[in-house]
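Trainee:
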Amino acid sequence: MKVTIKSPLDMHLHLRDKEMLKVVAPLSAKSFCAAIIMPNLVPPVTTIEDVVAYKKRILDAIGKENFEPLMTLFFKNSYTYEFLKKAKEHIVGIKLYPSGATTNSEGGVSSMDIEELKETFTAMSELNIPLLVHGETDGFVMDREAEFGSVYEQFATNFPKLKIIMEHITTKNSVDLLDKYDNLYATITVQHLFITLDDVAGGMLKPHLFCKPIAKRYEDREALLKVALSGHPKVMFGSDSAPHPIDKKECCGCAAGVFTAPIALQALAGLFEKNGKLENLQTFVSDNAQRIYGYSPTCKDIELTKEPFIVPSSYEDVVPMFADETLSWSITSIV
Ligand code: NCD
Ligand code: ZN
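For the sequence shown, the working numbering begins at 4 and goes up steadily by one.
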């Protein structure tokens, strides 16, 4: 059995910098046609010069691969209309992090008060720049995303022309918001379609499955699966592949992030096939994103075949999801 995905897109990706960038960027560049690159470097990507320089470092790291890094800025309240007008030609969106919510988000926003965000959100609406949001409060870890739901509702109603992407959603609550507000969209990761909190912490603790937002309940995973498998038009694949070196994962104080870039398409093909929905994989990993972002990628066809793929134990010093396991689908041709 085979399936060919035209121009697979990863709408939420962490490529890091320096040595890590050199390890992980070629892996994404091989399987994907383009990806939205997260700006949470240290320090974060906040100026046009930062965006341009980071994009160049990514392109240098991927060599000759046909892959387009779609750049983002790290949201700041201080961005003006004039600044954003200039930035627009270099970016596809702006990523908002609540301060301290996740890895390298310390410079994020400390209040979700509409009044404080109004000027920048209005400018983004007028310039048609999407807002990408890490939607978690600082509440109890299992409730953080659901609690953030009211913030999404406020953003969506007060800025009806602003395209808002709820990044890496993990709850039924977020899924339900999609059909309530025209301007809310979502990305979903690989791991949140496969695991629940039981897989992370129900037995021996699994640091390589620990990420933010943390995997939730069975009913949440069911709700995510339903919209992903059905090709819901407002849902896109965003791996949130977030590599950390092994000594930052297998230690006291494990960093949040699951590394999935090199195994994502193979794992998704298996999942969609198992559920009898292989015909919707193209919609989930490319078509919806093209329409939502108004983006037409330069084409790369990835052929997947139902043949065993033994996932490596590591890529340099980064351990992928499903390390040492055998997935039932492999990438057999890239054109
Ligand atoms: C991401 C990272 O490591 O940069 N970590 C994660 O657990 N997903 C940040 C993020 O997207 O939250
Ligand atoms: Zn992320």
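Note that beta-carbon positions come from the ideal geometry of N, C-alpha and C, so glycine has one too.
Just confirm the distance between the C-beta atoms of Gly339 and Thr106, as a whole number of angstroms; I'd bet it's less than 8 Å.
Mentor: Lying outside 4 to 338, the shown extent of the chain, residue 339 is not represented and no answer is given.
Trainee: Based on Cα-Cα distance, which residue from Leu330, Gly241, Thr301, Thr123 lies nearest to Leu307?
Mentor: The residue with the shortest Cα to Cα distance from Leu307 is Leu330.
Trainee: Mind checking whether the beta-carbon of Asp243 lies closer than 7 Å to any heavy atom of ligand 2?
Mentor: Flag set: Cβ of Asp243 near ligand 2.
Trainee: Run the CB neighbour count on Cys302, radius 10 Å, all protein chains shown included, and call it buried at 16 or more, exposed below.
Mentor: Exposed, by the Cβ-count rule.
Trainee: Helix, strand or coil: which one does DSSP assign to His195?
Mentor: The answer is helix: DSSP assigns His195 an H, G or I state.
Trainee: For Pro323, which of helix, strand or coil comes out of DSSP?
Mentor: Here Pro323 sits in strand by DSSP.
Trainee: Say the cut is 7 Å; is the CB of Ala259 nearer than that to a heavy atom of ligand 1?
Mentor: Yes, the Cβ of Ala259 comes within 7 Å of a heavy atom of ligand 1.
Trainee: Take Ala37 and list the residues in its own chain whose beta-carbon comes closer than 7 Å to its own, dropping the five residues that flank it on each side.
Mentor: These residues qualify, in order along the chain: Leu12, Phe70, Glu71, Leu73, Pro300.
Trainee: Could you spell out where the beta strand (DSSP E) holding Glu71 opens and where it closes?
Mentor: Counting along the chain, the beta strand (DSSP E) containing Glu71 begins and ends at 71-73.
Trainee: Measure the CB-CB distance between Ile191 and Ile172 and report whether it falls below 8 Å.
Mentor: Yes.
Trainee: Beta-carbon separation of Asn176 and Ala204 under 8 Å?
Mentor: Against a cut-off of 8 Å, the Cβ pair of Ala204 and Asn176 comes out as no contact.
Trainee: Considering only DSSP beta bridges, list what Ala37 is partnered with.
Mentor: According to DSSP, which records beta bridges pairwise, Ala37 is partnered with Leu12, Glu71.
Trainee: Measuring alpha carbon to alpha carbon, tell me which residue in Lys209, Asn131, Asn186 is nearest Ala90.
Mentor: Among Lys209, Asn131, Asn186, the Cα nearest to that of Ala90 belongs to Asn131.
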